[in-house]
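A.B. asks: If you're matching positions, the sequence shown starts at 178 in my numbering and goes up one per residue.
Would you mind keeping the following structure in view while I ask a few things?
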Amino acid sequence: MNETLATDLLKRFRSGECTDAEKQLVEAWYNELINTGELEWEEGEKESIQATGENWLMQNIADDELQYVPVRRMHTAAKAWWTAAAILVLMTGVAYYLNSKQQAALLAKKEETLKNDVAPGSNKAVLTLANGTTIVLDDASNGVVAKEGNAKVLKPADGQLLYEQEEESEHGPLAYNTLATPRSGQYQLILPDGSKVWLNSESSIHYPISFAENERRVQISGEAYFEVAKLKLSSGQQVPFIVEKGDMQVEVLGTHFNVNAYNDESAIKTTLLEGKVRVVKRETGNGKREKPNEISVVLKPGEQAVLSRGHSPLTIHHSTDVDNVVAWKNGLFHFESADVKTVMRQLARWYDVDVVYEGATVKNDPLFVEISRNTRLSDVLKVLQESGSARFTIQGKKIIVK
């Protein structure tokens, strides 16, 4: 309502021409502006605003040829008029002040949100050499960061590590390096054979600085994506590439695949994008001298092998959304019908935060979200909140799920 309409309403209110609904509206205005608590008043501020309005009204009543009635002698109608007139004062003379106060409150709230916000993860990793020396790669300059045997360890750019063999060496005892990312970290690695590895946050890979002649074997934890280079012996036979995690191993010749093997996930998942792999589960025999039994499955592109914790069998999912599986490697969060706890585990690793669940139960409404991993945590949570029924707040390095 503009000032002209408000003034007309107030005049009709004073003359007793208002309807009951208009009278209620006038009185509701005042209560809403002063007494609802929507504005946070400093000590004495509300009283000061009211006094300012009353003084303004007293100075202008004579100009409008309105008779002033002392407060102590006000009858019901006059008191109602005084209340209504005060509304007009608050709506016109003090409107700018109130609007400024609201804007300042919104700005303060936004600043508080940013103060509690968490930046996304970045390229961070620690390299452990064969002699136990550790190198924090995000602090190291680009170029040669170490020399291991006949290989130079290079950091060509931020977030990348590769091994460059200076000359052919005789195959002796293998020397190993380990590349590990912390929470909120990621890194890319080119192995001595030219195979490429992407490490997700809170992950590691243990590998030799020069592979054996007849096989290439690495061990991982967390999550890694591989693009394995094809390698042949002089006889023409392909040299297998083997990825190990506990009792599971993935055997490949030349292919693209992803292994998710976080300890806090319910299963180890191997997803094939290109080529062919054999996933093997090794079961220990009853006797100490018995060879472990092996159960294996061969995957085709688009399939996923799932090895649940405990003594569960090795199973195959024949139709897997591979874009969802490798979204992290492509710089995305991609949640397709994901439950809240699955999503929170990913966010906890990438933003290095803890997750606290409030309430007896957490609704597992499916979430459908795709957003860049290079996004501040508050913006990710805002999108998730719009997608499902859960509510999120950030307190320091914690996500509170309600």
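Glycine residues also receive a C-beta, built at the ideal position from the N, C-alpha and C atoms.
1. My guess is that phenylalanine 418 and arginine 459 are in contact by the Cβ rule of under 8 Å, so how many angstroms apart are they, rounded?
2. Apart from the five residues just before and just after leucine 408, which ones in its own chain have a Cβ nearer than 6 Å to its Cβ?
3. Could you tell me the distance, in whole angstroms, from the CA atom of aspartate 335 to the CA atom of serine 443?
4. Where do the N-terminal and C-terminal ends of the beta strand (DSSP E) with threonine 355 fall, by residue?
5. Starting from arginine 393 and walking both ways along the beta strand (DSSP E), at which residues does that stretch end?
6. Three or more C-beta pairs under 8 Å: does that hold for the segment 358-370 against the segment 325-342?
7. I need the DSSP call for tyrosine 384, collapsed to helix, strand or coil.
8. Nearest CA to the CA of asparagine 440: which residue from Lys540, Ser485, Val454?
9. So what does DSSP say about valine 557, is it helix, strand or coil?
10. Do you know how far the Cα of proline 297 is from the Cα of leucine 430?
11. Give me whichever residues DSSP pairs with threonine 305 in a beta bridge.
12. Is leucine 351 closer than 8 Å to alanine 323 when the C-beta atoms are compared?
13. Kindly identify the DSSP beta-bridge partner or partners of leucine 509.
14. Can you give me the Cβ contacts of alanine 317 inside the same chain, cut-off strictly under 8 Å, excluding the 5 residues immediately before and after it?
15. Distance, Cα to Cα, histidine 494 vs alanine 482?
16. Would you mind sorting lysine 540 into buried or exposed? The rule is 16 or more other CB atoms within 10 Å of its CB.
17. On the CB-based measure, 16 or more other CB atoms within 10 Å of its CB, does asparagine 435 come out buried or exposed?
18. CB-CB under 7 Å to threonine 448, same chain, minus the five flanking residues each way: which ones, in chain order?
19. If you drop the 5 nearest sequence neighbours on each side, which residues of the same chain put their C-beta closer than 6 Å to that of cysteine 195?
20. If valine 474 and leucine 491 are in contact, beta carbons under 8 Å, what's the gap, nearest whole angstrom?
21. Can you tell me whether glutamate 242 is buried or exposed? The criterion is at least 16 other CB atoms within 10 Å of its CB, across all chains shown.
22. Run through DSSP, which three-state label would aspartate 185 get?
23. Are the beta-carbon atoms belonging to isoleucine 571 and phenylalanine 510 less than 8 Å from one another?
24. Please tell me whether serine 398 and tryptophan 527 are closer than 8 Å, where the distance is taken between their beta carbons.
25. Could you check which residue in Gly320, Asp516, Pro385 has the C-alpha nearest to that of asparagine 327?
26. Can you check whether the CB of aspartate 529 is closer than 8 Å to the CB of serine 361?
27. If I follow the unbroken alpha helix (DSSP H) through arginine 459, where does it start and stop?
28. Assign asparagine 470 to buried or exposed, taking buried as 16 or more other Cβ atoms, counted over all protein chains shown, within 10 Å of its Cβ.
29. In three-state terms, what does DSSP make of serine 485?
30. By alpha-carbon positions, which one of Lys574, Thr538, Met521, Val533 ends up nearest to leucine 558?
31. When the Cα atoms are used, what is the spatial distance from glutamate 390 to serine 411?
32. Give the secondary structure of tyrosine 528 by DSSP, where H, G and I count as helix, E and B as strand, and everything else as coil.
33. By the three-class DSSP mapping on this structure, what secondary structure does asparagine 501 have?
34. If we ignore side chains and look at the alpha-carbon of each, how far apart do leucine 554 and lysine 301 end up?
35. What three-state label does DSSP hand lysine 409 in the structure shown?
36. Where DSSP assigns a beta bridge to glutamate 421, which residues make up the other side?
C.D. replies: In brief:
1. Actually they do not touch by this definition, with Cβ atoms about 18 Å apart.
2. Asp370, Val416
3. 33 Å
4. 353-357
5. 393-404
6. yes
7. strand
8. Ser485
9. helix
10. 35 Å
11. Thr311, Thr355
12. no
13. Ser549
14. Lys332
15. 6 Å
16. exposed
17. buried
18. Phe434, Asn435, Gln481, Thr497, Val499, Val502
19. Arg189
20. 6 Å
21. Residue placement at glutamate 242 is poorly supported in this model, since its pLDDT is 44, which falls under 50; the coordinates still yield a value, given next. Per the 10 Å Cβ criterion, exposed.
22. helix
23. no
24. no
25. Pro385
26. yes
27. Taken as a continuous stretch (DSSP letters only), arginine 459 belongs to no alpha helix (DSSP H), being part of the beta strand (DSSP E) at 454-460.
28. exposed
29. strand
30. Met521
31. 10 Å
32. helix
33. helix
34. 18 Å
35. strand
36. Gln396, Gln426
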